[in-house]
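Below you'll find the structure, written out as structure tokens, and then a few comments.
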Amino acid sequence: MNINPEYFFLPHHQTRTLHNYDTSRNNGTGKLTFWNSGAVLNCCDNSGARNLYIIAVTGTGARLNRLPAAGVGDMVMATVKKGKPELRKKVMPAVVVRQSKPWRRPDGIYLYFEDNAGVIVNAKGEMKGSAITGPVGKEAAELWPRIASNSGVVM
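Structure (structure tokens):
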């Protein structure tokens with residue numbers, strides 16, 4: 004199994020979230036503040052979309068002043084910002100398959116990828132495209148069998 008060297012395991016003590024942070028606006032408090040806009044993911048399938056703009060995270064609870072966060076394996080509602088014109092300006096479900104923020108697995112290792120990426124799916128979890136470029140997180144492959152069958156490498 005050939006594994007690209009830019010995807011590797013390193014210990015990092017961080018939590019499992021996918022946020023846009025703006026550290027220049029922390030007002031001297033030392034805390035990170037969020038951008039009001041959503042995160043932009045690369046689209047790693049062959050559906051014709053180039054990137055995905057997250058507008059909502061499905062299945063998250065609600066808490067006052069908490070912004071919804073998505074990790075590997077989570078379904079999000081997204082729009083296509085670059086890609087085929089027939090895919091743009093529509094809200095469609097997508098699944099996050101890679102994230103660049105380190106997260107901890109139950110066996111104790113910390114894992115992160117080179118980029119944030121997702122694939123476009125329908126409401127049942129069936130992919131719009133037929134192939135995935137790059138590795139897929141094991142969390143996404145276990146939850147979504149159609150994604151696992153179309154992926155080349157599961158890490």
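Going from the sequence shown to the numbering used here is simple: count from 1 and add 3. Glycine included, each C-beta is placed from N, C-alpha and C at the ideal position. Just so it is clear, the structure is predicted and the values come from calculations on it, not from any experiment.
According to DSSP, residues forming a beta bridge with residue i
i: Cys46; result: Gly121
i: Met78; result: Val98
i: Lys85; result: Asn54
i: Pro138; result: Val156
Where residue i sits in the DSSP three-state scheme
i: Leu90; result: coil
i: Ala52; result: strand
i: Ala59; result: strand
i: Lys131; result: coil
i: Ala126; result: coil
i: Arg149; result: helix
C-alpha gap between residue i and residue j, whole angstroms
i: Gly245; j: Leu114; result: Nothing in the structure corresponds to residue 245, since the chain is present only between 4 and 158.
i: Ala42; j: Asn125; result: 20 Å
i: Leu146; j: Gly64; result: 19 Å
i: Pro109; j: Ala143; result: 15 Å
i: Val98; j: Val122; result: 5 Å
Distance between beta carbons of residue j and residue i, contact taken as under 8 Å
i: Gly140; j: Arg101; result: 6 Å
i: Ala73; j: Val60; result: 5 Å
Terminal residues of the alpha helix (DSSP H) in which residue i lies
i: Leu146; result: Lys141 to Leu146
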